[in-house]
Amino acid sequence: MNEIIIPINGSQEYYESVKNEVESLVKEVVKSTPFKDYSVKVEKNKIGSFLNVEAKEVMELRFEMTKTIQESLTESYPNQIKDIAITDSSQNLIIEVNTLLNGEEPTSIGKEIEANINKILKDQFTSNYLKERIVKIYIYNKFGERLNE
């Protein structure tokens, strides 16, 4: 039998809180497509079983940072934050924030968002992993233009 498998990242509590909603949403979306006869299976992402302890901790830290930054910025800038991505490469931790800002806002807004992120990182995250990285923050408007140069 064919099935659509949807892996969910996050804690067990998060997984349980979204599992049923994700399952019903996917079933609703596919019912008028060629996949209508597929079963839908929502499961906790198993990638953690393939990672060592340090990699799991880094993944969880990045997830927590993304979630915390997203919540804070969404509260400070309602309906203006599109998405946040956190990646790292060697000694750099790269935080990219895509906003829905259109360029008509004050030019200082990018620097203001960057300062807010730095404050969040300083106040809420004290891991050695973060201390060993150079944090680079890039804020973009809805046209992909950088706001914090």
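Numbering-wise (our numbering), the sequence shown opens with residue 320 and increments by one.
Note that CB positions come from ideal geometry on N, CA and C, so glycine has one too.
Because the structure is a prediction, the values reported are computed rather than measured.
Cβ atoms of residue j and residue i: under 8 Å apart, would you say?
i           : j           : result
residue 348 : residue 361 : no
residue 467 : residue 421 : no
residue 404 : residue 390 : no
residue 325 : residue 345 : yes
residue 444 : residue 378 : no
residue 407 : residue 452 : yes
residue 395 : residue 435 : yes
residue 433 : residue 456 : yes
residue 380 : residue 446 : yes
residue 323 : residue 359 : yes
How is residue i classed by DSSP in three states: helix, strand or coil?
i           : result
residue 396 : coil
residue 447 : helix
residue 356 : coil
residue 426 : coil
residue 415 : strand
residue 365 : coil
residue 391 : helix
Just how far apart, CA to CA, sit residue i and residue j?
i           : j           : result
residue 321 : residue 373 : 36 Å
residue 387 : residue 427 : 22 Å
residue 371 : residue 337 : 26 Å
residue 465 : residue 398 : 19 Å
residue 463 : residue 411 : 21 Å
residue 417 : residue 424 : 15 Å
residue 454 : residue 375 : 20 Å
residue 409 : residue 343 : 40 Å
Hey, quick one: how far does the beta strand (DSSP E) through residue i stretch, first residue to last?
i           : result
residue 322 : 322-327
residue 478 : This structure leaves residue 478 out entirely; the chain is present only between 320 and 468.
At what residues does the alpha helix (DSSP H) containing residue i begin and finish?
i           : result
residue 339 : 331-349
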